[in-house]
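Our numbering numbers the first residue of the sequence shown as 1 and each following residue consecutively.
Heads up, the beta-carbon is just placed ideally off N, CA and C, and yes, glycines get one too.
See structure below.
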Amino acid sequence: MRWKLWLIRVGFSLTFLGLLANLYNIQIRHSAYYVNKADAQQQALDNLSASRGSIYFTDKNGTAIPAVLNREYPTIYAVPKEIKDPVSAAHLLAPIVGKDEAALAKALARPNDLYELLVPKGTDQQVNQVQALGLKGIYVRQAMFRYYPFGTMASQLLGYVTQQQDGTSKGMYGLEAQFNDTLSGKDGYLAGSTIVKPQNGRDIYTTIDWTIQGQAESVLTDLVNKWHATGGSVMVEDPYTGNILAMASSPGFDPNNYGAASIKDFMNPAVQLVYEPGSVFKPLTMTAGIDSGKITPDTTYMDTGSITIDGHTIHDWDLKAHGLTTMRGVIEQSLNLGTIFAEKTMGDAVFRDYVQRFGLGEKTGITLPGELSGDVRHVISGRAVDYATASFGQGITVTPIQMLSAFSAIANGGLLMQPHIIAGEQPKVIRRVASENTMSQVVSMMVSAVNKNVLAKVEGYNVAAKSGTAYVPDFVHGGYTSDVIDTFMGFAPASHPKFVLMVKLDKPLHAPLSGEAVVPAWQQLASFILNYYQVPPDALTASSSRP
């Protein structure tokens, strides 16, 4: 009986020794072979991964300009199971990979962990330093990541891509998020002995003209820096198609290094932030009054400098009385009491109808994530004073894209167009806001306003535009703060506009009027666009008519 037990023990011992020998062969003697085999398997999996689609800008000739591409980067990672001394390894690696030493040591000490990402996009210096250490269990391999060749340009519009725990990528914010499924495609897979090939993601072509976008970003950066503002926006739209030609915001961020940015910088102010528009709203009020037949550009009222409604006294911006004034004069001088007169003359119901016709209080439908609809409740069920202040853009909130669309309707003869950011989409008319005759009269009033403000004039062209300076609400104590938002919006040539341009500046230092701050920037960019498209002049000036 004992000899049988002895044979069983010998058998178990030999089996155990065989397992040890096999383990030795795998982990030590033939480790390089199995590491190479694992790399080969990983490479096979990489070959089954779908390639993410690219995103393109355009130019005036229709040339596709790469805005987002895929690019190989050296990835530094660890296999903690192979690391014998995680504390020492962490001490050496932490300053190179930019991680906390204690946290890194804890991550490297996981005995069954086969993968720990250290640096997704390693620099040449990091790679050289890591390889010089010669640490077992630390590897460098090439991997595909998103690359944004223009850096911060149009960053909120584009968004960025982040790597998920399961190794997949996901678009965050902007077009990367809006079209994540389209861009991602479908990974391939192994089904038994059959390989199902991946379906690469589709490319996205935008309406953004990279030349105009670049100039808009440059002008905006200079403007924000000059006035020490908290931020700003510049947008350009083709009023006849709804195509967005530029959408610039400040501050921006670098999608190549999104981890260094604040989360608030990821928001796209054009569609995701609202503000009170101020006096740029006045042409909309005049549109309502003229189209309803209640006023004309020559209708007059007596401007006494102030008016009291529901116990609230409202003044013109300059605190002066202007006497007998026409509606044209109201736009030229940006008089609050004049738009109140126009609103009361047409009536609350008519005014409310046109506010809604212009698309305020509803989303524009632009294909960007997180679009807000604004708040125009005060012109739906408000008091008399609410309608009065709304007539000059106070007490209601809008998004910049809503105001751009509204001005485009004035520019194109009365059609509210859905704004587009994706090339190839057919122009879509949402509704007719007002008649062509009405819009022609409103445009002439806006041209008169520009002719009174020489800073906005562009030699050789009739320009239709309006300024606005709106105080920022105090959401803590009620009322308004001393901070302002300056806006200047307009189009050229006024007879047949090539573009509608909006320049908005948030909380400039010393709160200057919009004429001091944003109007020169608007004029600079408008001149650039007219020259870029080689638009023929539509107005002869004294200097240009001389032989």
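Residue 515 versus residue 536 - alpha carbon distance: 27 angstroms
Contact belief for residue 539 with residue 462 at Cβ below 8 angstroms, rounded distance in angstroms: 5 angstroms
Cβ shell of residue 111 (< 8 angstroms), same chain only, five flanking positions each side left out: 80, 81
Helix, strand or coil at residue 377 according to DSSP, with G and I counted as helix: coil
Contained alpha helix (DSSP H) runs [length at least 4] in the segment 162-223, N- to C-terminal order: 174-178, 180-184
Distance between residue 220 and residue 233 (C-alpha atoms, nearest Å): 7 angstroms
Excluding the 5 residues preceding and the 5 following residue 222 in the sequence, name in chain order all residues of the same chain whose CB lies nearer than 8 angstroms to its CB. 521
Which runs of the alpha helix (DSSP H) spanning at least 4 residues fall entirely within the segment 68-137, listed in chain order? 86-97, 101-108, 124-133
Among the residues of its own chain, which have a CB less than 6 angstroms from the CB of residue 249, if the five just before and after it don't count? 156, 233, 269
According to DSSP, is residue 436 part of a helix, a strand, or is it coil? helix
Beta-carbon separation of residue 162 and residue 258 under 9 angstroms? yes
Starting from residue 402, follow its DSSP beta bridges and name the residues at the other end. Paired residue(s): none; residue 402 is not in a bridge.
With DSSP as the reference, label residue 451 as helix, strand or coil. helix
With DSSP run on the structure shown, which of helix, strand or coil describes residue 64? coil
To the nearest whole angstrom, what separates the beta carbons of residue 203 and residue 88, a pair I think is in contact under 8 angstroms? With 8 angstroms as the limit, residue 203 and residue 88 do not qualify as a contact, their Cβ atoms being about 47 angstroms apart.
Take residue 77 and list the residues in its own chain whose beta-carbon comes closer than 7 angstroms to its own, dropping the five residues that flank it on each side. 115, 116, 117, 118, 139
Given a cut-off of 9 angstroms on the beta-carbon distance, is the pair residue 430 and residue 368 in contact? no
Could you pull out every residue in the same chain whose Cβ sits closer than 8 angstroms to the Cβ of residue 40, ignoring the five residues on either side in sequence? For residue 40, the predicted model reports a pLDDT of 44, less than 50, meaning its position is unreliable and no value from the coordinates is stated.
Can you list, in chain order, the residues of its chain with a C-beta nearer than 6 angstroms to that of residue 365? Leave out the 5 residues immediately preceding and following it. 418
Looking at residue 144: is its Cβ nearer than 9 angstroms to the Cβ of residue 280? no
Determine the extent of the beta strand (DSSP E) in which residue 321 is found, giving its start and end residues. No beta strand (DSSP E) holds residue 321; DSSP gives it neither H nor E.
How long is the line joining the alpha carbons of residue 85 and residue 211, rounded to whole angstroms? 54 angstroms
The beta strand (DSSP E) enclosing residue 413, as first and last residue numbers: Here residue 413 belongs to no beta strand (DSSP E), and DSSP marks it neither H nor E.
So, with DSSP's three-state summary, where would you put residue 495? coil
Let's test the definition: count the other Cβ atoms within 10 Å of the Cβ of residue 149 and tell me whether it reaches 16, buried, or not, exposed. exposed
Own chain partners of residue 290 with C-beta closer than 6 angstroms, once the 5 adjacent residues on each side are dropped: 438, 441
Length at least 4, wholly inside the segment 293-360: the alpha helix (DSSP H) runs in chain order: 327-333, 336-346, 348-357
Specify, as a first and last residue, the run of the alpha helix (DSSP H) that residue 290 falls within. 282-291
Please report the straight-line C-alpha distance between residue 447 and residue 300, rounded to a whole angstrom. 19 angstroms
Could you please give the first and the last residue of the uninterrupted beta strand (DSSP E) stretch that includes residue 464? 464-473
From the DSSP secondary-structure annotation, give me the bridge partner or partners of residue 248. 234
Run the CB neighbour count on residue 341, radius 10 Å, all protein chains shown included, and call it buried at 16 or more, exposed below. buried
Counting pairs of beta carbons, one from the segment 303-322 and one from the segment 491-501, are three or more of them closer than 8 angstroms? no
Ignore the nearest five residues each way along the sequence and tell me which others in residue 147's own chain have a CB closer than 6 angstroms to its CB. 69, 71
Classify residue 144 as helix, strand or coil using the three-state DSSP reduction. strand
Quick check: what's the CA-CA separation for residue 96 versus residue 131? 11 angstroms
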